[in-house]
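Worksheet: one structure, shown below.
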Amino acid sequence: MKTLSNPALQAIRVAAVALVVGVAAPAAADPFPGADLAVAKQTHAAQCVECHAKRFGGEDGSEIYTRFDRRVTTPSGLAQQLTACTTMLNLDLFPEDEHHLAGYLNTHYYKFQ
Ligand code: HEC
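All letters in the sequence shown, in the order written, are residues -29 to -1, 1 to 84 by mature numbering (1 follows the signal peptide of the UniProt record, and there is no 0).
As structure tokens, this is what we get:
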């Protein structure tokens, strides 16, 4: 029997560990792994859309994320800007809520890999 090369074994071990801790190994690099997009969609609709839509337009408040001169240009920039909004506004979100939101915004608008 042909034995598996070390890198292959390593990859299998990593995948197995990911399964054990309940994290799906992402197909492509995901800067916000495991973000719960369904939860984030609700948080976003409830806490973020109205103000963004009022100031930047777009019926769903998305103009702010897609405008030509948007501020966010990196995954860490996204996390920072998002935290700036929630802190400034005292929105009282848990870090995992912010992680979900970052994943949600990235999936729909920023698309960082
Ligand atoms: C009371 C108003 C208000 C609320 C509520 C608000 N924001 Fe913002 N947000 C802003 C403003 C104003 C900016 C633009 C800052 C700038 O361009 O200088 C902004 C910018 C951002 C950006 C950067 C967009 C870009 O240019 O790329 C992100 C990301 C963001 N907000 C996330 C959120 C999230 C997530 C929430 C909800 C949890 C939220 N914001 C709630 C006012 C708000």
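A virtual CB, placed ideally from N, CA and C, is assigned to each residue, including glycine. Quick caveat, the model's predicted, so the values are computed rather than measured.
The ligand HEC heavy atom lying under 8 angstroms from the CB of residue i
i: T57; result: yes
i: E21; result: yes
i: T14; result: yes
i: V10; result: no
i: F27; result: yes
i: Q84; result: no
Cutoff 7 angstroms; reference residue i; Cβ partners in own chain excluding five residues on either side
i: L62; result: Q18
Cutoff 8 angstroms; reference residue i; Cβ partners in own chain excluding five residues on either side
i: A(-1); result: Q84
For residue j and residue i, believed in contact at Cβ under 8 angstroms, the rounded distance
i: A6; j: H70; result: 6 angstroms
Same chain only: Cβ atoms within 6 angstroms of residue i, ignoring 5 sequence neighbours per side
i: P46; result: P2, F83
Cβ contact (3+ pairs, closer than 8 angstroms) linking the stretch 48 to 58 and the stretch 10 to 17: no
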